[in-house]
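Number of protein chains: 2
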Amino acid sequence: MAILSGLRITECAAFIAGPFATMSLAELGASVIRIDPVEGGLDYHRWPVTAAGRSLYWAGLNKGKKSVSIDIKRPEGRELAQAIITAPGPEAGLFFTNFPAQGWLDFEGLKKRRHDLIMVNIVGNRDGSTALDYTVNCAVGFPLVTGVPGDAAPVNHVLPAWDLLCGMTAATGLLAAERHRRLHGEGQLLRIALSDVALAIVGDLGFISEVQINGSARERHGNHIYGAFGHDFDTKDGRKLMVAAVSVGQWKALCKGTGIMEAIRALEQGSGSDFTREADRFAAREAIVALLQPWFAARTLAEAAALLDAERVCWGPYQSFEQLVHEDPRCSLANALFAEIEHPGIGKTLTPGSPIEFSGTDEVPQLVGPVLGQHTDEVLLEVLKLSSSEIGILHDRRIIAGAQSAIL
Amino acid sequence: MAILSGLRITECAAFIAGPFATMSLAELGASVIRIDPVEGGLDYHRWPVTAAGRSLYWAGLNKGKKSVSIDIKRPEGRELAQAIITAPGPEAGLFFTNFPAQGWLDFEGLKKRRHDLIMVNIVGNRDGSTALDYTVNCAVGFPLVTGVPGDAAPVNHVLPAWDLLCGMTAATGLLAAERHRRLHGEGQLLRIALSDVALAIVGDLGFISEVQINGSARERHGNHIYGAFGHDFDTKDGRKLMVAAVSVGQWKALCKGTGIMEAIRALEQGSGSDFTREADRFAAREAIVALLQPWFAARTLAEAAALLDAERVCWGPYQSFEQLVHEDPRCSLANALFAEIEHPGIGKTLTPGSPIEFSGTDEVPQLVGPVLGQHTDEVLLEVLKLSSSEIGILHDRRIIAGAQSAIL
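Sequence lines, in order, name chains A and B.
Residue numbers for the first sequence, in the working numbering: 1 to 408.
Residue numbers for the second sequence, in the working numbering: 1001 to 1408.
Next up, the structure:
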């Protein structure tokens, strides 16, 4: 049995935060029903896509879900969707959406159908206005301190970190609310603004108090690790790697592994520094980089790796996505995180499951994304207990649709 | 009552993933005990720090926790720590650590003291080797596709996204395991590797299948939004903003708000494109940017904002951390996410709580970080039921320590 076996979640959402949250719960064993319009949701064609136009992004973020296609522009379709969202069962009645919680998705309206409904509503800003990862990230400071010192141009992140963090925050909130419902019988509405997730983290990491207490703000430090020691280096064979010495242990390992102990002692004495203090390492970062550079330049990545690993130095290679896939054993079947799975209409690819290993419950095997509408009939039959003839009529009236593997 | 009221978690961890996870649960009402060595953990002096040397980072990531100082190098100290970790109570027995789960922190050993212990162990790599956010990020592809197209140098992210995501994944796992224990009476060990969190997300977002199925990999696209339309623009008054048109609705709003509808139609006809298709917008991104640039260059940020907001365009200003703190109403007391709170030894600063709003349970007021060792006596008294004289002896023998506001 998987750890969330039995739990049933319905989702009307698109893009990253909601789909990633519910997929993460599906990877722990929850049953997730994603309801989409017949033509697919807003994210159904999101890039990257295959040569045939199938979205690898959609396939990757909806693994293991049941896909139900309903024409939610028509009242009968909305009625069906509401019935699925609020269907009975002690483990059901959990609903995720990033659409506005109004009209047919109004919480109070849904609550009339199921008094203990738990609804998670992800919004852009707390006032309900729109925001995406890209329009939040620009506002919270990071693009102006990313990249080469001296540059003025903002550098956006490529990883949609705020969306992902919002999703995992929502997943945590859902389980907290499910726990409360189990103990007290009460459902509720959880509301999470993407920009609040970012703002809370900016505060948690000290960026707000840095401005308010210290009267200063973080500057661009390129690839230096702020407040400690860490930087990238070039090897003899044209590779790059990142070295980190955040703790004293890591610092000593680095000095020993690269044989710069004596040069470092001379540097410390000359500058009155003590590099076991992270602040002193940070202050002398350019001088330390200069001491280390020749060592890396004289060695290939493989040679450096062997010597660094022998001293348990904390380091990592820079890898392109191709190098990651082709060369890193962590990104292969050697890592139990992955299985090689055939995705219908897409092909065979290395597919991750949940990154959590559980010692006491079964792990969910790596999952495949659905074909749009693949589970429409199954869900109407099993969750809503409709008869085959009722389902047939809904098909005839085009209120629902089945598997649409041909539709791109 | 807050949603996780009653739950008690013990933590032996440092830096971001663990402390952020448990703090996020404290912000939902859980009671969190952080055990540290008497001199403070590895992260106790982590930058940014105040002029007096107090870590704003530590204060920000340990809000609301009880701080217990124990000399865990001595057997008696370890015995005390183990007793706290495995103390009885149906809501207790939840333990977070990012130290190696061996020796006195071996799961099987701890389990002998409490059979239903839930232990969350965050590690660097699945094989137990060290990794930090910086040494994982370099390996999973993003730094080589971040920044200006044509550049070859890797650009590290500044937000420790993998640490934060690992933390929230761990928090979700903990609540899943607590649910399972409530239903079935069984505890267990959860193991989460930082690099697996990153690898799973790289797979989920389609980067692995892009290489394996499409035989290509993501390139550097600067501040363009991949596969849709979005870019940064300069305004007349020297500000920058980010505009996003991921959905058709956002695209139409942008064209209308900036009055480029006719020019866009001409561009579509000339190139045989249909910009309601995100792929066509992406292909024509440079031409679209060129059409929009003059509009932004002719307006101040405020003028542009008014016109964009009137059409509900999805956009955001680039802001430095100072601008965020001084100018953005979302980062002020106008947003209920924040309260202005005095942090002992640090000062008054805008302090976030949980980004989740709950309609049916009380929200936890914004929390203050502890002084190191502030709760040592309280926890030994209340959790371990030690007497004052027993606690006094432990102090005399320097196995424990109390509040150390003076120690920096």
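Beta carbons are placed, not taken as given, at the ideal position from N, Cα and C, and that holds for glycine.
With a cutoff of 8 Å on beta-carbon distance, residue 350 (chain A) and residue 1208 (chain B) are scored as near each other. Think of a sphere of 7 Å around the beta carbon of residue 400 (chain A): no beta carbon from chain B falls inside it, the nearest being about 23 Å out.
In terms of beta-carbon proximity, residue 359 (chain A) lines the interface with chain B, with at least one pair separated by less than 8 Å.
Counting of Cβ neighbours within 10 angstroms places residue 100 (chain A) among the exposed residues, the total staying below 16.
With distances taken between CA atoms, residue 94 (chain A) lies nearest to A:114 out of A:114, A:109, A:52 and A:78. The three-state secondary structure of residue 1250 (chain B), taken from DSSP, is helix. When secondary structure is reduced to three states using DSSP, residue 98 (chain A) falls in the coil class, being assigned neither helix nor strand. One thing to note: residue 1072 (chain B) has its Cβ no nearer than 8 Å to the Cβ of residue 1098 (chain B). Interface criterion not met: the Cβ of residue 305 (chain A) is under 8 Å from no Cβ in chain B. Among the bridge pairs identified by DSSP, residue 241 (chain A) is matched with A:233 and A:317.
If you draw a straight line from the Cα of residue 381 (chain A) to the Cα of residue 243 (chain A), it is about 56 Å long. DSSP places residue 1034 (chain B) in no alpha helix (DSSP H) but in the uninterrupted beta strand (DSSP E) bounded by 1031 to 1036. If the five residues before and after residue 348 (chain A) are omitted, its C-beta is found closer than 8 Å to the C-beta atoms of 340, 341 and 342, all from its own chain and listed in chain order. Buried is the label assigned to residue 80 (chain A), since at least 16 other Cβ atoms lie within 10 Å of its Cβ.
In terms of beta-carbon proximity, residue 1115 (chain B) stays away from the interface with chain A, with every pair separated by 8 Å or more. Annotation: Cβ neighbours of residue 319 (chain A) in chain B (cutoff 9 Å, chain order): 1138, 1139, 1140, 1141 and 1144. Residue 1190 (chain B) is positioned such that its CB atom lies closer than 8 Å to that of residue 1119 (chain B).
At a cut-off of 8 Å between beta-carbon atoms, residue 134 (chain A) makes contact with chain B. For a cut-off of 8 Å, the C-beta gap from residue 1046 (chain B) to residue 227 (chain A) is around 6 Å, short enough to register as a contact.
Where residue 72 (chain A) is concerned, there is no enclosing alpha helix (DSSP H), because DSSP gives it neither an H nor an E.
When DSSP states are grouped into helix, strand and coil, residue 9 (chain A) belongs to the strand group. Interface with chain A (8 Å Cβ-Cβ cutoff): residue 1073 (chain B) is excluded. Linking residue 290 (chain A) to residue 301 (chain A) through their CA atoms gives a straight-line distance of about 18 Å. For the alpha helix (DSSP H) assignment, the uninterrupted runs of no fewer than 4 residues enclosed by the stretch 1195 to 1230 of chain B are, from N- to C-terminal side, 1207 to 1212. Taking C-beta atoms under 8 Å as the contact rule, residue 140 (chain A) and residue 51 (chain A) fail to qualify, at a distance of about 37 Å.
Counting only the Cα atoms, residue 1001 (chain B) lies some 27 Å from residue 1331 (chain B). In chain order, 1161, 1165 and 1201 make up the part of chain B whose C-beta sits under 8 Å from the C-beta of residue 164 (chain A). In the same chain as residue 271 (chain A), and ignoring 5 residues on each side of it, the C-beta atoms closer than 7 Å to its own belong to 284, in chain order. Against chain A, the beta carbon of residue 1315 (chain B) has neighbours under 7 Å at 135, listed in chain order.
Residue environment: residue 1393 (chain B) is assigned as exposed (fewer than 16 neighbouring CB atoms within 10 Å of its CB, all protein chains considered). For the pair residue 170 (chain A) and residue 192 (chain A), the CB atoms are nearer than the 8 Å cut-off.
A:292 is the residue among A:90, A:143 and A:292 whose C-alpha sits nearest the C-alpha of residue 257 (chain A). When 9 Å is used as the limit between beta carbons, residue 282 (chain A) is near these residues of chain B: 1047, in chain order. For residue 1055 (chain B), the three-state secondary structure derived from DSSP is strand. Exclusion of the five residues before and after residue 42 (chain A) leaves 14 and 15 as the residues of its chain whose Cβ lies within less than 8 Å of its Cβ. Rounded to whole angstroms, the gap between the alpha carbons of residue 40 (chain A) and residue 1039 (chain B) is 57 Å.
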